[in-house]
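Undergrad: With our numbering applied, the sequence shown corresponds to residues 5 to 302, in that order.
So that we are looking at the same thing, I have put the structure below in structure tokens.
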Amino acid sequence: MGRGSSRSGRLEDHQGLVGHQEAGRHEEHGSGGAVTMSMATEKKLDHLNWPLALCTAIICALGVWNLASATKSLPDPLWAKQAVMMGLGVVAIGIFLFVDYRWLQTLAWPGYFAALALLAGVAFKGKKVLGARRWLQVGPMQLQPSEFVKLAVIVLMARYFSRDETGARKGQYGLIDLWRPFLLILLPVALVMKQPDLGTALVTFFIAFTMVMFAKVRWRDLAILAVSGVAGSVFAWKRVLKPYQKDRVLTFLDPAAYAKGAGYHAIQSVIAVGSGQWGGKGWGEGTQNQLSFLPEQH
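What follows is the structure in structure tokens.
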């Protein structure tokens, strides 16, 4: 009886020791995983461009502050909506910080076609504001699809040239290699122009053109593209642009000549800067917006 009890006790001690060792190994493994994750996080943060992040945060904070100052007399707190959107942007930055950006190339085509679908939706169901149909009402929120188009074009052009889908050797792209990206750019730009939104259309086009330049197209072909662009601009001025769009271009060149018309807003901005100087008029004390010199305070 005594020997059986002793043998049973030794067996229980052995099982307890094995269980303790296994628990220790599991704990060590879990701790190792946590350490690995912590090291990966530190590595990501070490490679973060902190000066750029700080400048971005300062600009965002100043933007919310100025928006609150400019619209303090309005019942709708636009600055709060802006702050929420910035918060969502920070969350998105945090997510993408720990994600391999190369997976975005798998979204290039779906994102492009989704952006086109949104632009088509604007044409049929868009909300008209100040004579332009640029917004989609999605529940309590308003979306401007033309802003998504910029991102879609960037990702698609990056995928196109990084995968060398033209079949040309890198650095040897010619005009014949650029017809597909040209068509891919032209379609969303034309839809944005239709809204009409000349500014966003031009920005989208020049973003894509800049990416083409950095794709190392031959200089001879770039010169041909530049000359073609000038000729296209002349044609657009005579046949495509509407009178008010021409006025905006002329106003940009000489706002004082259109001070009571298309140049009114530009002149008001000059007056506001001259009145506030470097230090400003004070929070909520802006004259040009608070005294109704502008139709939209912000």
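The C-beta atom is built at its ideal place from N, Cα and C for all residues, glycine as well.
1. For Y177, list the residues DSSP reports as bridge partners.
2. Quick check on the burial criterion: 16 or more other C-beta atoms within 10 angstroms. Buried or exposed for L163?
3. Got a sec: does the ligand ZN put a non-hydrogen atom nearer than 7 angstroms to the Cβ of Y116?
4. Helix, strand or coil for I211 per DSSP?
5. Helix, strand or coil: how does DSSP classify A266 here?
6. Can you give the Cα-Cα distance for M89 and P149, rounded to whole angstroms?
7. Give me, in chain order, the residues of the same chain whose beta-carbon lies closer than 6 angstroms to that of W287; leave out the 5 immediate sequence neighbours on both sides.
8. Out of I228, Y177, R137, which one is the CA nearest neighbour of D201?
9. Sorted by chain position, which residues of the same chain lie with C-beta nearer than 8 angstroms to K198's C-beta, five sequence neighbours on each side aside?
10. I need the straight-line Cα distance from F239 to F102, nearest angstrom please.
11. List the residues that DSSP assigns as beta-bridge partners of V142.
12. Quick one: measure Cβ to Cβ for V193 and T208, integer angstroms, because I've assumed they're closer than 8 angstroms.
TA: Taking the geometry as given:
1. Stepping through the sequence shown from its first residue, residue 177 is reached at position 173. V221.
2. Start at 1 with the first residue of the sequence shown, and residue 163 comes out as number 159. Sequence check: residue 163 is Arg here, not Leu. The residue in question, R163, is buried, as its Cβ has 16 or more Cβ neighbours within 10 Å.
3. No copy of the ligand ZN occurs in the structure displayed, which carries no ligand at all.
4. Translated into positions along the sequence shown, residue 211 becomes position 207. I211 falls in the helix class under three-state DSSP.
5. Start at 1 with the first residue of the sequence shown, and residue 266 comes out as number 262. Here A266 sits in coil by DSSP.
6. Stepping through the sequence shown from its first residue, residue 89 is reached at position 85. Stepping through the sequence shown from its first residue, residue 149 is reached at position 145. Distance between the alpha carbons of M89 and P149: 16 angstroms.
7. Translated into the one-based positions of the sequence shown, residue 287 becomes position 283. Within the same chain, W287 has close Cβ partners S73.
8. To locate residue 201, count along the sequence shown from 1; it is residue 197. From the listed residues I228, Y177, R137, the smallest Cα separation to D201 is found for R137.
9. As a working mapping, residue 198 is identified with position 194 in the sequence shown. So the list reads A127, once near-sequence residues are dropped.
10. Taking the first residue of the sequence shown as position 1, residue 239 is located at position 235. Taking the first residue of the sequence shown as position 1, residue 102 is located at position 98. Cα to Cα, the separation comes out at about 47 angstroms.
11. By one-based count along the sequence shown, residue 142 stands at place 138. DSSP output for V142 lists M145 as bridge partner(s).
12. Against the sequence shown, residue 193 aligns to sequence position 189. Against the sequence shown, residue 208 aligns to sequence position 204. At roughly 6 angstroms, the Cβ-Cβ gap stays under 8 angstroms, so V193 and T208 are in contact.
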